[in-house]
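There are 4 protein chains.
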Amino acid sequence: MARIRLGMVGGGKDAFIGAVHRYAARLDDRFDLVAGALSSTPEKSMESGRALGLAEDRIYPDFDTMAVAEAARDDGVEAVAIVTPNHMHAPAAKAFLSRGIHVICDKPLTATLDEAKELVAVAEASDALFVLTHNYTGYPLMRHARQMVADGKLGNIRVVQVEYAQDWLTEEADADNKQAGWRTDPARSGAGGSTGDIGTHAYNLACFVSGLTLDSLAADLQSFVLGRRVDDNGHVLLRFKGGARGMLWCSQVAPGNENRLTLRIYGDKGGLSWGQENPNVMEYTPFGQPTQILTRNGASGAQDGVRIPGGHPEGYLEGFANIYVAAADAIEAARTGRKSDALYPTVRDGLAGVMFVDACVRSSANDAAWVSVADQ
Amino acid sequence: MARIRLGMVGGGKDAFIGAVHRYAARLDDRFDLVAGALSSTPEKSMESGRALGLAEDRIYPDFDTMAVAEAARDDGVEAVAIVTPNHMHAPAAKAFLSRGIHVICDKPLTATLDEAKELVAVAEASDALFVLTHNYTGYPLMRHARQMVADGKLGNIRVVQVEYAQDWLTEEADADNKQAGWRTDPARSGAGGSTGDIGTHAYNLACFVSGLTLDSLAADLQSFVLGRRVDDNGHVLLRFKGGARGMLWCSQVAPGNENRLTLRIYGDKGGLSWGQENPNVMEYTPFGQPTQILTRNGASGAQDGVRIPGGHPEGYLEGFANIYVAAADAIEAARTGRKSDALYPTVRDGLAGVMFVDACVRSSANDAAWVSVADQ
Amino acid sequence: MARIRLGMVGGGKDAFIGAVHRYAARLDDRFDLVAGALSSTPEKSMESGRALGLAEDRIYPDFDTMAVAEAARDDGVEAVAIVTPNHMHAPAAKAFLSRGIHVICDKPLTATLDEAKELVAVAEASDALFVLTHNYTGYPLMRHARQMVADGKLGNIRVVQVEYAQDWLTEEADADNKQAGWRTDPARSGAGGSTGDIGTHAYNLACFVSGLTLDSLAADLQSFVLGRRVDDNGHVLLRFKGGARGMLWCSQVAPGNENRLTLRIYGDKGGLSWGQENPNVMEYTPFGQPTQILTRNGASGAQDGVRIPGGHPEGYLEGFANIYVAAADAIEAARTGRKSDALYPTVRDGLAGVMFVDACVRSSANDAAWVSVADQ
Amino acid sequence: MARIRLGMVGGGKDAFIGAVHRYAARLDDRFDLVAGALSSTPEKSMESGRALGLAEDRIYPDFDTMAVAEAARDDGVEAVAIVTPNHMHAPAAKAFLSRGIHVICDKPLTATLDEAKELVAVAEASDALFVLTHNYTGYPLMRHARQMVADGKLGNIRVVQVEYAQDWLTEEADADNKQAGWRTDPARSGAGGSTGDIGTHAYNLACFVSGLTLDSLAADLQSFVLGRRVDDNGHVLLRFKGGARGMLWCSQVAPGNENRLTLRIYGDKGGLSWGQENPNVMEYTPFGQPTQILTRNGASGAQDGVRIPGGHPEGYLEGFANIYVAAADAIEAARTGRKSDALYPTVRDGLAGVMFVDACVRSSANDAAWVSVADQ
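Chains as they are written, first to last, in the UniProt record's numbering: chain L, 1 to 376; chain G, 1 to 376; chain W, 1 to 376; chain R, 1 to 376.
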């Protein structure tokens with residue numbers, strides 16, 4: 001089937017999550033990025049669009065212009081990825097949804113609750129789809145965990161412990177830290193700091209896996225860094241409908257935690273524990289039996305969203321891709337006769353490997369005698 | 001710069017490593033796959049090529065036809081990925097190298113040492129590049145480790161312990177297991193079984209990181225499964241030039257090991273330990289000081305080959321891509337008015353997140369009183 | 001110096017913590033257990049005392065009789081270990097303290113707050129010492145952590161996350177489970193179930209290491225098992241004097257957690273993470289630097305309370321003691337000519353080891369040639 | 001039953017393993033240490049014996065004198081622990097065995113093979129028992145593993161990977177390092193350095209658990225530290241009777257390894273992996289099923305040699321004992337009116353715990369409202 005024509009709003013130079021969306025869109029070859037309004041100024045948008053190889057007439061100064069123009073094209077974008085700071089999500093999404101263009105939007109949905117409600121109304125009135133990138137629900141073991149809960153493997157859920165801890169905002173951010181800048185500005189991020197930025201991920205994942213609906217909460221939010229205008233640490237007690245209880249901790253001031261999102265769920269028949277920093281394994285304990293280590297695509301059967309075999313961690317593809325990057329560097333240099341210092345395994349490395357096998361076989365055939373790898 | 005035009009030999013239906021090469025080539029948007037001779041029969045090659053969306057006139061019945069035809073085109077492939085069983089590497093590589101087309105070849109280089117030596121001669125006489133996909137050298141922490149060794153952080157290297165253990169050949173493979181079939185057939189895999197298939201990876205990685213050159217080895221190879229014609233377990237003692245010693249263990253019959261490639265290197269000033277099943281962390285001990293946990297893109301400074309921040313494990317992109325896959329499924333269904341049951345976070349999930357933040361802020365402002373998330 | 005004469009109240013047959021106190025008292029050879037009122041009935045007390053080798057005239061039917069009698073002896077106990085269910089702590093402790101006998105008492109202090117306040121008054125009015133066995137403060141790395149915090153290694157403490165999770169009360173306990181019986185009976189355990197039994201340990205350890213004083217808390221306690229009269233799960237938000245915040249989770253219904261007490265403390269200069277199920281290591285992150293793995297008696301310098309070198313886990317002594325137990329079994333059997341099937345390494349095992357070394361040396365001297373271990 | 005009267009040869013001031021033997025003998029209250037020849041000189045032996053509280057007439061200048069004198073006493077030692085450097089094991093053991101006194105001897109058995117064979121003859125001709133302290137066989141999970149292998153849980157054993165790595169001899173030891181001194185002196189340690197000191201442990205444990213008998217080996221031993229007269233690193237290939245193969249690595253020059261003894265065993269039905277630095281857990285994989293985490297005294301059923309419940313790591317007793325040590329310090333100070341700064345939880349800590357529980361219950365009863373812990 002033809003690739004889906006994709007546009008992007010935000011994600012220009014210095015952005016973080018825009019590049020992530022592009023990697024994600026590319027991996028499975030289902031999308032073509034063909035248009036964008038990538039930055040807050042027309043100049044930077046043009047510069048960023050050129051760097052991505054977009055046609056110049058489809059690099060737009062702002063999302064409104066883009067929505068109008070793309071909707072008018074026969075080959076206009078079918079979907080748009082919105083990867084701006086939070087406060088731009090709602091206006092950008094509405095501009096595309098109202099023109100029947102599907103929206104793939106980063107989280108949190110909006111900066112304010114009023115905007116969120118309005119956007120829901122618009123999205124649900126539109127024929128276009130709205131996809132929110134709570135990406136942690138995309139991990140195969142989280143999908144497997146959700147299925148296990150649904151299948152009753154844990155019994156009735158009693159306790160949900162979810163945490164998302166980081167340390168990058170432990171100190172006051174530098175003035176030129178673009179990521180920290182908007183994330184700690186309530187006008188752009190919304191009233192929640194760590195709660196909005198990462199707490200929403202934790203909350204979403206806990207609900208996704210447990211299948212529970214939150215009833216009420218009690219929250220104690222702090223801004224530990226002097227002068228910070230949004231919370232950088234949140235402690236939240238959770239009461240779910242049906243009687244399960246939980247705790248949610250989000251923090252951006254916990255040294256030693258890079259991006260430690262963990263989820264533990266306990267029912268009357270078993271428990272689960274998973275952490276996204278090593279997402280390829282999950283511990284499962286049927287009550288009264290030994291804890292099992294479930295692996296992505298391993299003996300446990302987690303299959304949804306899997307690309308490669310168990311033991312090849314998610315990320316194997318990225319290491320592999322680094323060899324392709326080096327090959328591309330070398331090949332592009334070769335096109336123009338430039339020299340390249342790209343680091344990749346060569347035919348000589350290959351010879352060394354075959355000599356190794358040959359030496360192993362010769363040695364073993366001779367009662368494990370020492371043989372030189374250079375012999376023969 | 002224009003994307004590199006890429007062809008592929010092998011990698012059709014039922015293949016494993018071909019798809020991995022395609023993911024890797026796509027991730028950074030540096031290649032366009034435009035031609036292929038994907039299977040051992042013309043019919044399967046055509047079927048596989050169509051599934052990949054290749055133009056029909058660039059789906060070839062065999063690699064020779066492909067090499068001739070592509071070399072004659074103005075827009076012919078600049079590079080070819082060779083992802084066949086081992087015994088086909090050499091003839092395929094020579095067909096392309098001799099026509100000036102760059103080769104990206106899976107390991108091990110060839111099935112036999114004679115082929116390997118001949119291929120080296122051809123490759124080194126060609127203007128075209130030859131890249132061997134010893135992909136584990138692409139992990140950022142392995143590149144960082146190599147740099148640390150080169151910088152003298154470990155002092156003089158004394159001991160190298162490298163292992164690559166799997167369990168998928170613990171029992172005799174089913175007759176229809178294509179992967180097991182050619183890997184245990186000496187005519188297609190070469191004289192080494194586990195030594196060729198995974199031992200060469202371990203050996204290459206040990207040399208890559210340590211910077212050492214192997215002098216001699218003593219090997220004790222076994223075929224534990226009755227009737228197996230190649231080794232499924234190898235124990236190898238290593239003597240490196242300069243006096244370092246090592247051990248290499250490769251096994252495909254070790255239950256509990258999915259793909260456990262580990263490397264430990266010890267010098268007179270420090271030690272390193274890494275395992276590819278959790279490739280985002282590496283332990284480093286400066287002698288006499290506490291062990292440090294180095295992370296990809298974390299405080300340790302591993303930067304080469306990094307796409308995303310520390311704490312976001314390699315694989316984060318794949319989880320993210322699963323959301324894009326679901327979006328693509330839903331969008332393609334929408335194109336034709338079909339219903340889709342693709343699982344992705346919706347605008348309602350987004351509203352729930354914003355309501356969560358709102359409830360947190362309201363509760364915290366009221367001394368952590370319980371608030372309903374539905375209130376407002 | 002002469003050993004301290006020790007008595008024990010509680011800790012008879014079927015008790016858990018009494019045996020632990022005896023092991024602990026014996027390990028460093030500073031105490032002699034010479035008297036006891038070990039069970040709730042005189043008959044069981046006598047039986048238990050005999051099994052421990054106590055002189056019959058110092059096995060008492062109850063703690064009052066014991067306190068009176070021992071206080072009157074010239075060689076009476078100098079100290080008493082109180083290891084009864086919680087509701088007996090206060091009356092027993094007062095009986096000994098009022099006679100000038102030191103008390104070593106299990107936690108929690110008492111079953112009720114009124115008792116606790118009264119006992120404090122008695123203890124502080126007495127010349128005798130009162131030691132409460134919050135044993136987790138005895139782990140060397142917890143003492144080291146306390147010192148690190150005091151030394152400012154973490155800066156100002158902001159966040160304390162402490163958890164103590166078990167699963168043994170996930171289902172209703174059997175009627176004859178003595179441990180579960182009194183621990184879920186508010187008359188004997190006090191109003192707190194998991195909060196009293198394990199929450200107090202978590203709370204004590206958090207304060208011990210952090211040096212913080214709790215100001216206020218908000219708690220959501222649950223009794224998930226139908227009919228249970230005390231809490232089996234507790235979620236607690238903590239506010240410490242000076243502004244630090246924390247969360248405490250205690251649970252006895254979390255499948256997969258045997259005895260998972262964990263403590264994490266974060267300040268503006270660094271973070272610490274420790275878990276008692278592997279108490280020999282602690283992670284320490286100075287903000288902005290790699291995480292360090294501190295070990296008991298390793299390079300980190302944890303020395304207080306250490307008996308053996310780093311890498312020899314706490315517990316090494318117990319494995320060693322198991323060999324001594326086997327030796328004792330065999331020797332006692334030899335005393336009476338009985339046969340023993342005690343499992344211990346024999347002189348033949350020793351010969352095998354020396355033959356192994358001899359074979360290693362011979363083989364290595366001969367270029368790692370294969371040698372039979374039986375040769376010579 | 002009466003405690004066994006125990007003597008000790010070696011183990012005086014500055015010794016390491018002697019104190020370990022004493023802890024081990026004391027833990028279960030089966031032995032009384034009553035006599036010793038503790039050091040290489042009469043003066044140091046006397047000083048060490050007094051420090052241990054031995055009667056002066058049972059502190060001997062050398063083991064021969066001790067053996068003669070103790071054998072002549074009615075209350076003479078029934079057993080003797082020999083904890084000297086290796087070269088003294090044989091003469092000391094023979095002195096006691098020949099007088100019918102049981103011997104508990106540290107490993108390796110002797111410094112030379114000739115001595116070993118002679119000692120075996122003496123031991124087997126004697127009525128006295130000979131126990132060798134290969135203490136790692138005393139870990140409950142190693143006993144459980146042995147039973148699992150014997151029960152066929154792993155099927156036919158194919159591969160045994162055993163390692164024992166340390167780093168304390170990475171650099172030349174200081175001249176006054178008593179432990180390093182004799183362990184690197186072939187006259188006292190024997191021809192093997194790391195092979196004798198720790199390789200024998202690894203070898204013994206591998207045989208103990210696997211039930212296999214070694215047939216032959218090929219060894220490559222190194223002395224990496226300049227001038228060292230015994231091996232400090234050993235790489236050994238193993239061939240067991242019946243066809244299983246293995247590798248043994250012992251090293252005392254591997255930075256980052258404190259005392260890393262690990263054992264992995266693979267058969268045609270499953271695999272096991274265990275490391276003594278966290279001896280409370282073992283991984284077990286039945287082929288084709290998820291890996292299970294077996295715990296000492298947990299759901300897996302390891303019971304032999306267990307003192308305390310699962311989740312309470314071996315070492316829990318030592319933390320507990322540290323509270324008793326503090327109590328003893330304080331009590332001994334109180335005896336003489338001295339001040340003590342012993343660190344132990346006090347009655348005030350106990351009150352704090354009860355106030356915590358009380359506050360939890362009050363808060364939870366009031367819908368998790370904040371309550372002051374000082375209220376009431």
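All C-beta atoms, glycine included, are put in the ideal place defined by N, C-alpha and C.
All figures in this text were calculated on a predicted structure; none of them were measured in a lab.
Subject >> Neighbourhood of threonine 110 of chain W by C-beta distance below 8 Å, restricted to the same chain and skipping five residues each side >> reply: Asn86, His87, His89, Ala90, Ala116, Leu119, Gly190
**OP:** Decide if lysine 107 of chain L is buried, meaning its Cβ has at least 16 other Cβ atoms within 10 Å, or exposed.
**Re:** buried
Subject >> Where tyrosine 23 of chain G sits in the DSSP three-state scheme >> reply: helix
**OP:** Give me the Cβ distance between glutamine 161 of chain G and isoleucine 198 of chain G, rounded to the nearest whole Å; I'm assuming they're in contact under 8 Å.
**Re:** That belief does not hold up - the Cβ atoms of glutamine 161 of chain G and isoleucine 198 of chain G are roughly 16 Å apart, past 8 Å.
Original post:
beta strand (DSSP E) containing isoleucine 4 of chain R: first to last residue?
Top reply: 4-9
**OP:** On the DSSP bridge assignment, give the partners of glycine 193 of chain R in chain order.
**Re:** Paired residues: none, contrary to the question.
Subject >> Chain-order list of residues whose beta-carbon lies under 6 Å from that of valine 236 of chain L (same chain, five-residue window excluded) >> reply: Leu217, Ala219, Leu248
Subject >> Buried or exposed by the 16-neighbour rule on C-beta atoms within 10 Å, applied to asparagine 366 of chain G >> reply: exposed
**OP:** Run down chain G in chain order and give the residues with a C-beta less than 7 Å from the C-beta of methionine 247 of chain R.
**Re:** His235, Met247, Trp249
**OP:** Could you confirm whether any beta carbon from chain W is found closer than 7 Å to the beta carbon of isoleucine 104 of chain G?
**Re:** no
**OP:** Indicate the three-state DSSP secondary structure (helix, strand or coil) for valine 225 of chain L in the structure shown.
**Re:** coil
Original post:
If we count Cβ pairs, one from each stretch, closer than 8 Å, do we get three or more for the stretch 70-87 of chain G versus the stretch 43-53 of chain G?
Top reply: no
Subject >> Closer than 7 Å to chain L by CB, isoleucine 293 of chain R >> reply: yes
Original post:
Would you say alanine 71 of chain R and isoleucine 82 of chain R are within 7 Å of each other, going by their C-beta atoms?
Top reply: no
Subject >> Contact under 7 Å by Cβ, phenylalanine 208 of chain W with threonine 137 of chain W >> reply: yes
Subject >> Partners in chain L for glycine 298 of chain R, counting only beta-carbon separations shorter than 8 Å >> reply: Pro290
Original post:
If you draw a straight line from the alpha carbon of alanine 180 of chain W to that of leucine 169 of chain W, how long is it in whole angstroms?
Top reply: 8 Å
Original post:
Taking the alpha carbon of histidine 200 of chain R as the point to measure from, which residue in W:Val371, W:Ala302, W:Val354 has its own alpha carbon closest?
Top reply: It is worth fixing the name first, because residue 200 of chain R is threonine in this sequence and not histidine. Nearest option by C-alpha distance: W:Val354.
**OP:** Go ahead and label asparagine 156 of chain G buried or exposed: buried means 16 or more other beta carbons lie within 10 angstroms of its beta carbon, across all protein chains shown.
**Re:** exposed
Subject >> Per DSSP, the bridge partner or partners of glycine 271 of chain R >> reply: R:Tyr266, R:Thr285
Original post:
Nearest to alanine 330 of chain L by alpha carbon, out of G:Ser48, G:Val103, G:Thr65?
Top reply: G:Val103
Original post:
Which whole-angstrom value describes the C-beta separation of proline 345 of chain R and proline 279 of chain W, a residue pair presumed to lie in contact below a C-beta threshold of 8 Å?
Top reply: At roughly 17 Å, the Cβ-Cβ gap does not stay under 8 Å, so proline 345 of chain R and proline 279 of chain W are not in contact.
Subject >> Whole-angstrom distance between alanine 79 of chain L and glycine 7 of chain G, CA atom to CA atom >> reply: 30 Å
Original post:
For phenylalanine 16 of chain R, which option in R:Asn177, R:Ala327, R:Thr65 has the closest C-alpha, if you only look at C-alpha atoms?
Top reply: R:Asn177
**OP:** Tell me where the alpha helix (DSSP H) around valine 68 of chain R begins and ends.
**Re:** 63-72
Original post:
chain G partners of tryptophan 370 of chain R, CB-CB under 8 Å?
Top reply: Asp367, Ala368
**OP:** Check whether the Cβ atoms of glycine 310 of chain W and glycine 298 of chain W sit closer than 7 Å, and answer yes or no.
**Re:** yes
Subject >> Nearest to leucine 263 of chain G (by Cα), restricted to the options G:Ala254, G:Gly275, G:Gln252, G:Lys269 >> reply: G:Gly275
**OP:** Tell me, please, whether the CB atom of phenylalanine 240 of chain G is closer than 7 Å to any CB atom in chain R?
**Re:** no
**OP:** For leucine 226 of chain G, count neighbouring Cβ atoms within 10 angstroms of its own Cβ and tell me buried if that reaches 16, exposed if not.
**Re:** exposed
Original post:
Can you list, in chain order, the stretches of the alpha helix (DSSP H) that have 4 or more residues and sit fully within the stretch 50-131 of chain R?
Top reply: 63-72, 89-97, 113-125
**OP:** Verify whether the separation of the beta carbon atoms of glycine 211 of chain L and valine 149 of chain L is less than 7 Å.
**Re:** yes
Original post:
Can you tell me whether DSSP reads alanine 170 of chain W as helix, strand or coil?
Top reply: According to the sequence displayed, residue 170 of chain W carries threonine and not alanine. Here threonine 170 of chain W sits in coil by DSSP.
Original post:
If alanine 321 of chain R sits next to leucine 27 of chain W, beta carbons under 8 Å apart, how far is it from one beta carbon to the other, in whole angstroms?
Top reply: 4 Å
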